[in-house]
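**Student:** Could you have a look at this structure, given as structure tokens, before my questions?
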Amino acid sequence: MFLLKRFAVLIVSSVLLSSCLGKYVETDLDVLAKNEELKMVEYGQTNSLTLTKNASTGIYYNISKTNSAGLAVSSAYDLHVAYSLKTIEGKEIVKKTAADSAMFNFYTTQAFDGFKYALLLLKEGEKGTFLIPSYQAYYENPPAGIEKYAVIVAEIELIDLLSEDDKINNYVKKKGLTVTEKTSSGLRFIRTNAKTTNDSLKTGDNVTVKYNGMFLNETSFDSGTFGVVIGSSSAIAGFTEGFQNLEKVKRLELFSLLL
């Protein structure tokens, strides 16, 4: 009998404990998110903005200039943007106008997550206001002079989307280069000295190449000398395509979608 009573007590205790553990406990982050959401809704009301909430990011936004025919944003493009960032209380952080030619790249440009998510809500030619909660912005590590847990107001205009082809064409134009040839793969040849023979390289030739690889911002990512067999898989396709149009001790600059 004693054992039965003790067993019954253990069952009741277990149920009570499970009930307590299963109860949702609101965290400090939950409270912060609720308070920030109230701030964003109030900002929209005060500034007569019809806001839409993006459920996956918590960002509230209003697209003030639309372009249904515009290209959708993706990591395949560089983005030409004009934007300003300020706290929801109005303290300015940064401002870039269209004349500043600010470019954004999803792989190389440093930005907080909320800014990237905001860009994905725009199409080419559109403009909008984005209220970004602190946990999608600077959170506990804001710029100097900005308080922690600041809700950010981003005004963003997506002026243009530039494909790789666009970026290469812009570089060629900016540098005043003359393209000797453009292949079907998109590789450009800019020959810096004229051919003196017709002794072009062919598949199977073993060559030594001196090179300097740069991004379009002219930052070198690799340089040196290496040996390669033309047509082998030891070199990337764009390099091989370039080699086959060279002769010995000839210099050629290459810009390629394949590099």
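Count the sequence shown with mature numbering (1 follows the signal peptide of the UniProt record, and there is no 0) and you get residues -18 to -1, 1 to 241, in order.
Built from N, CA and C at the ideal position, the CB exists for glycine as well.
Here the structure is a predicted model, which is why all the values come from computation and not from measurement.
Check each candidate in L140, K68, E129 and K78 and name the one with the smallest Cα separation from L102.
**Tutor:** L140
**Student:** Write down the C-beta distance between A136 and A100 rounded to the nearest angstrom, noting that I regard them as a contact closer than 8 Å.
**Tutor:** 6 Å
**Student:** Can you tell which of G96, N199, S30 and T48 has the C-alpha that lies nearest to the C-alpha of K156?
**Tutor:** N199
**Student:** Rounded to a whole number of angstroms, what is the C-alpha to C-alpha distance between V7 and S46?
**Tutor:** 39 Å
**Student:** Residues in the same chain with beta-carbon distance under 7 Å from Y59, minus the five sequence neighbours each way, listed in chain order, please.
**Tutor:** Only L143, L144 and S145 meet the Cβ criterion.
**Student:** Kindly indicate which three-state DSSP category V76 falls into: helix, strand or coil?
**Tutor:** strand
**Student:** Give the single residue among V55, V76 and S56 whose Cα lies nearest to the Cα of S65.
**Tutor:** The question names Ser, yet the displayed sequence has Tyr at residue 65. Y65 has its Cα closest to that of V76, out of V55, V76 and S56.
**Student:** Considering only C-alpha positions, which residue in the set P115, S205, M85 and E106 is nearest to G40?
**Tutor:** P115
**Student:** Out of M22, G220 and N194, point me to the one whose CA is closest to S166's CA.
**Tutor:** G220
**Student:** So is K21 in contact with chain D if we call contact Cβ pairs under 7 Å?
**Tutor:** Absence of chain D from the displayed structure is noted, only one protein chain being present.
**Student:** Pick from Y120, E106 and S83: whose alpha carbon is nearest that of D95?
**Tutor:** That would be Y120, whose Cα lies nearest to the Cα of D95.
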